[in-house]
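Peer 1: Mind having a look at this structure? Questions to follow.
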Amino acid sequence: MPSALYYRLLEEAGPCCGYCRTCALIIGQPLTIEHIIAIAKGGTSDILNLWLSCRRCNQFKGTQIEAVDPESGIVTPLFNPRTQPWREHFAWSANAAQIIGLSPCGRATVVALRMNNDDIVSARTLWVSVGWHPPQD
12 MPSALYYRLL EEAGPCCGYC RTCALIIGQP LTIEHIIAIA KGGTSDILNL
62 WLSCRRCNQF KGTQIEAVDP ESGIVTPLFN PRTQPWREHF AWSANAAQII
112 GLSPCGRATV VALRMNNDDI VSARTLWVSV GWHPPQD
């Protein structure tokens, strides 16, 4: 993808992953350009189908566009960071190390993208201890 597109998305999305809100500065890696609906599922590379995500969320999401809400058992579309406000679908746990899904979409996305896997929860715990997390947005 052209760098101009990356910087346009960075201007729109900000410096944090659209899914788990991990900031690029903390992980020392640029965010990746994410196809909200994967090309393999009929998505396009049009700007309206693109957002920024960390490599971890992008990898775990893969071509998924929906997943099962663990509370209701119903298949639901995954969170769309371009069109849905993060705080309507997610919240931070009391210690800010875990992401809590508030809606069917949020819960399904937390599970599908493994947003609370042991590695990232451990990292967030360290980031909280030095005041780098959660992001203030």
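Just so we're on the same page, this note's numbering is the position in the sequence shown counted from 1, plus 11.
Ideal Cβ positions, reconstructed from N, Cα and C, are used throughout, including at glycine.
Bear in mind the structure is a predicted one, so any value in this text is a computation, not a measurement.
1) Let me know the alpha helix (DSSP H) ranges lying completely inside the segment 25-62, each 4 residues or longer, listed in chain order.
2) Alpha carbon to alpha carbon, how far is His46 from Arg98? Give it in angstroms, no decimals.
3) Identify, in the order they occur along the chain, each residue of the same chain with its Cβ nearer than 8 angstroms to the Cβ of Leu113, setting aside the five sequence neighbours on each side.
4) Beta-carbon separation of Pro145 and Val139 under 9 angstroms?
5) Please report the residue range of the beta strand (DSSP E) in which Val139 lies.
6) Starting from the C-beta of Ala51, find all residues in its chain whose C-beta is less than 6 angstroms away, skip the five residues before and the five after it, and write them out in chain order.
7) Can you list, in chain order, the residues of its chain with a C-beta nearer than 8 angstroms to that of Ala78? Leave out the 5 residues immediately preceding and following it.
8) Helix, strand or coil for Trp143? Go by DSSP, reduced to three states.
9) Assign Ser83 to one of two classes, buried (16 or more other C-beta atoms within 10 Å of its C-beta) or exposed (fewer than that).
Peer 2: In short:
1) 35-38
2) 21 angstroms
3) Glu99, His100, Phe101, Ala102
4) Cβ distance < 9 angstroms, so Pro145 and Val139 count as in contact.
5) Val139 -> not in any beta strand (DSSP E); alpha helix (DSSP H) instead, spanning 129-140.
6) These residues qualify, in order along the chain: Thr74.
7) Val86, Thr87, Leu89, Ala119, Thr120, Val122, Ala123
8) coil
9) Exposed, by the Cβ-count rule.
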